[in-house]
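Note that the working numbering numbers the sequence shown so that position 848 is 1017, with each residue one more than the last.
For each residue, glycine too, the CB sits at the ideal point set by N, CA and C.
Shown next, in structure tokens, is the structure this report addresses.
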Amino acid sequence: MLQSRDDTIALQVNGDAVKIAMPPLTRLADALRDGLGLTGTKIGCNAGDCGACTVLMDGRQVCACLVPLAQAQGRSITTVEGLARNRKLSALQKAFLRHGAAQCGICTPGMLMAASDLLSSEAKPSRKQVEDAMGGVLCRCTGYAKIVDAVMGVAARAEYGGVGARLERVDGAAKLNGTEKFGSDDAPADALWLRVIRSPYPRASFKLVGVEAFRDNHGLDLVMTADDIPNNGFGIYPTIKDQPVLAKGHVRYRGDAVIALVGPRDAVESATDDDLPIRWQVQDPVYLSAAQTERAPPLHEKHPDNVLVRGWLKKGDVEGAWDQAAHTAEIAVETAFVEHAYIEPEAGYARRIGDRIEVIACTQAPGMDREEVAHVMGLAREQVRIIPTATGGGFGGKLDVSVQPVLAVAAWMLNRPVRCIYTRPESMMSSTKRHPSRIKAKMAADASGRLLAMEFSGDFDTGAYASWGPTVANRVPVHATGPYVVPHVTAATRAIYTNNPPSGAFRGFGVPQAAIAHEALMDMLADKCGEDRLEFRWKNAIRAGDATATGQVLHASAGLAQCLAALRPHWRDAMQSRVTTGSHRRGVGVACMWYGIGNTSLSNPSAMRVGLRPNGRFMLYNGAADIGQGSNTIMIQICAEALGVSPSLFDYIMGDTDLTEDAGKTSASRQTFVSGKAAELAGRSLRAEILKRMNAGEDARLTIESNVIKAGGATLNLTTLETDPRGNVLTGFGSFDPPTSPLDANGQGIPYSCYGFAAQLAEAEVDVKLGLVRVTRIVAAHDVGKAINPNLVEGQIHGGIAQGLGFALMEEYIPGRTENLHDYLIPTFGDMPEMVTIMIEDAEPLGPYGAKGIGEPALIPTAPAIFSAIECATGVRITRAPATPDRVLAALKAAGVA
Ligand code: FES
């Protein structure tokens, strides 16, 4: 029988007897976090879908969000905090650290607990046993491979050193022992709660009626409306602040923020939909197919045709080229909304300190958040401080502000800390998505199998607000040809407003959608030319000395041909095992990509500072947000290498806008290249300072023992030097802004100073009776310039493949229908193929020690390679992503295959 509200539940937690005085129906996850302060147990969905809250109950894994506290009466609960005793990591946690099995770390406690359950009954589990036992925990970062290896006890190499070493994450231990603080893990005890009320309709007007009475009746401190927001518009571009913090009289998508309730938690949560002081007048929504018809009302006055922006590129004479073509191919493809599905919903808090406001929240762009909050509040940027928490995955979705402006305004108005944690459905309905696209493309080759021309047009559904729409519309034309030499090109894009969720940044900025089209055309043309699909790509691959579609000549670090050469033996083997008849078929596909690192033709600077403490330790002031990709570790490796000292001598501060330089946003695969270069220059500058102070030669070896530094026979006691206000005796500073040039009216110029390249091979089995596709193996060859930390590079490639596989086969966000992790499917352990990674290091002269980026390149070729494999197996080209079983079956039936 359940206890009354006043009962106390007695249980054991991590070996200690505890009593929790909370209502018996409290979720165990909440009881552990809020009642006992054990925030190592994470909450990703509160619905048993993600497994982030997995704990052990009497030794068996359970989702703590599904267990009522009363059910834990008398039971023994183990959380991640119970694994690390006396702050020492267990053998399993050490294995996770060595393998790099934790990236952002938000899923890691759940993974560790599920693994502990398995290992308690099976000391040497098989791969299948691991996948089965841990299948209830989702990870969006890792692609699962390194987690499986860690649990199986596969030997892993950890190395200690600077550039090129498999250094364990410098922030790894905190992710494994439960002490890492994410957005929802901490807030002042007196913080009020904030809940955003969102539109249930894609298009409607509304009136607020009886707001004050509603506030008083519910015991709220504040019902915030549009009238409370000083500058009620935000957006990525300084000139396009088209998204209201709170809508004023009209909503443009299901999920638009309308009002915010602020008060004690119970009061905020008690208001039902029927209570709300909102009177709706629902209108017909405008979607992509109708957005440009004469009947369609404009979403924004400034854009009467609903076109946010157009992108355009023209090179050579496409019309003339068709006349010389020996072979042509054309295709139309369509892709869906894709949700970032980071396991950590958006969360944080804000507090007012005098005439300043501080926002502590998960983010991938602290500098941009500061600008945005300052703008919305009408404050000077110096009055705003952003302190990033750990971020449980971002992938582009935490570049736009979410909780930050609304929290800041509320905390300012009430002069009290205010916190907010999005629910999973709220996160999914309100956040940005990958742009759905409709692309038509045509390509031609001459009689010798050389590419001649390409014509590309793409419409991108940018949703209700601009977000990163202009970036996508401008990046896609540059990349439309794929990484090939094509003398004659036209590419036109449009970002179109609709009453859908805002599309934003998602690992690739439109390039993954375009790659599905250009890689399909490459297969088709190879076949028409009678050439092997991989060799046709190798022949046409862009190389150093070639010009891109923007007329940019690549002078170095164009390693696509090497990537393809590395795939050759795998390709030949896989081609031998094709099965193209019967009900279960097997095919192999290949696809290539390129990706311009950093902003398109825009200034893209980053700065870093490093200090030397009197105790002989270095402090890196690192403004680059680590969202799991590992930049905390990478920046230290680079800076240590430049200084000529061990990374173990480093401490760091990440992202705090009061304490670090602006390193720009964590996006566009730019941090290793741009901020890494700044870290290198900062390290070099500090090294020069040290050597100058010691009168030592440039090549002198630095050694540090406690507070004494030695170089070239000279000795310096650091405690004899004066410290600056930051506590450093010497400092170094570095900044880097990669050189680019504006694009002209025809898209000609130098949009990026370097590019990442890759080729991936996919092997897939197709059940032609059911339309089921199972990817069995991916071989991924990536030109990364230089792998600063091979473990982290592999982790990025694995994670990119997992998201690419989801994009290809299962992920489709449909407003109102797939707003949770039960209906919105992302790859699980069981969906992942064997993955082989090959790193090509064609050094980028501008990059730190030759490095460029890997975050986005990892995902881009996966979906086209899978579509190519399906076609290889069945002869049917899938042109609609995701290739769900019903779509595959329909396509097979239409072609007479099924
Ligand atoms: Fe698994 Fe980020 S490491 S979700």
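In its chain, beyond the 5 residues on either side, Leu994, Pro1051 have a beta carbon closer than 6 Å to the beta carbon of Met979.
The closest heavy atom of the ligand FES lies 8 Å or more from the beta carbon of Met537. Under the criterion of beta carbons closer than 8 Å, Thr1006 and Ala933 do not qualify as touching, at roughly 18 Å. The DSSP assignment places 959-978 as complete runs of the alpha helix (DSSP H) inside the region 918-984, in order along the chain (cut-off: 4 residues). The distance from the Cβ of Ala516 to that of Ala577 is about 14 Å, inconsistent with a contact at the 8 Å cut-off. Assignment of alpha helix (DSSP H) within the region 707-773, counting only whole runs of 4 or more residues, yields 729-745 in chain order. Judged by pairs of C-beta atoms under 8 Å, the region 935-953 touches the region 732-750, as three or more such pairs exist. Apart from the 5 residues on each side of it in sequence, Thr769 sits with its Cβ closer than 6 Å to the Cβ of Asn643, Arg644, Pro920 in its chain, given in chain order.
Here Pro407 is exposed. Its C-beta has fewer than 16 other C-beta atoms within 10 Å.
Following the DSSP letters along the chain, one finds Gln181 inside the beta strand (DSSP E) bounded by residues 178-182. With fewer than 16 other Cβ atoms from the protein chains shown falling within 10 Å of its own Cβ, Gln493 counts as exposed. Per DSSP, reduced to three states, the secondary structure at Arg588 is strand.
About 6 Å separates the Cβ atoms of Val542 and Pro574, confirming a contact at the 8 Å cut-off. Looking only at Ala239, Glu551, Val332, Arg607, the smallest Cα-Cα distance to Ile685 is reached by Arg607. In this structure, Phe351 keeps its C-beta atom at 9 Å or more from the C-beta atom of Lys567. Beta bridge pairing from DSSP links Met1004 with Ile947. Judged by beta-carbon spacing, Ile807 lies within the 9 Å limit of Pro1017, meaning their Cβ atoms are closer than that value. For Ser439, the enclosing alpha helix (DSSP H) has its first and last residue at 434-439. Beyond the five residues adjoining it in sequence on each side, Ala1012 comes within less than 7 Å, by CB distance, of Ser726, Gly954, Lys955, Gly1019 in the same chain, given in chain order. With a contact defined as Cβ atoms closer than 8 Å, Thr560 and Ile796 qualify at about 4 Å. In this structure, DSSP gives Trp449 an extended state, which the three-state scheme calls strand. Judged by beta-carbon spacing, Pro671 lies within the 9 Å limit of Thr601, meaning their Cβ atoms are closer than that value. Remark: the shortest separation between the CB of Leu961 and any heavy atom of the ligand FES does not fall under 8 Å.
DSSP places Val877 in the strand class (E or B) of the three-state scheme.
Asp218 is classed as buried because its beta carbon has at least 16 other beta carbons within 10 Å across all chains shown. The beta carbons of Leu477 and Pro639 sit closer together than 9 Å. The alpha helix (DSSP H) runs of length 4 or more contained entirely in the region 501-569 are, from start to end of the chain, 535-546.
The beta-carbon distance between Gly1022 and Ser844, rounded to whole angstroms, is 11 Å. This is too long to meet the 8 Å contact definition.
Residue Ala610 holds the alpha-carbon nearest to the alpha-carbon of Ile500 among Arg448, Ala610, His604, Val437.
Nearest C-alpha to Asp538 among Gln242, Ser571, Gly1065, Leu990: Ser571. Closer than 8 Å to some heavy atom of the ligand FES: that describes the Cβ of Met280. In this structure, DSSP gives Ser672 an extended state, which the three-state scheme calls strand. The residue among Gly204, Arg778, Asp359 with its C-alpha nearest the C-alpha of Asp827 is Arg778.
In the structure shown, Thr802 falls within a helical segment according to DSSP collapsed to helix, strand and coil. Rounded to whole angstroms, the separation of the alpha carbons of Gln272 and Asn801 is 11 Å.
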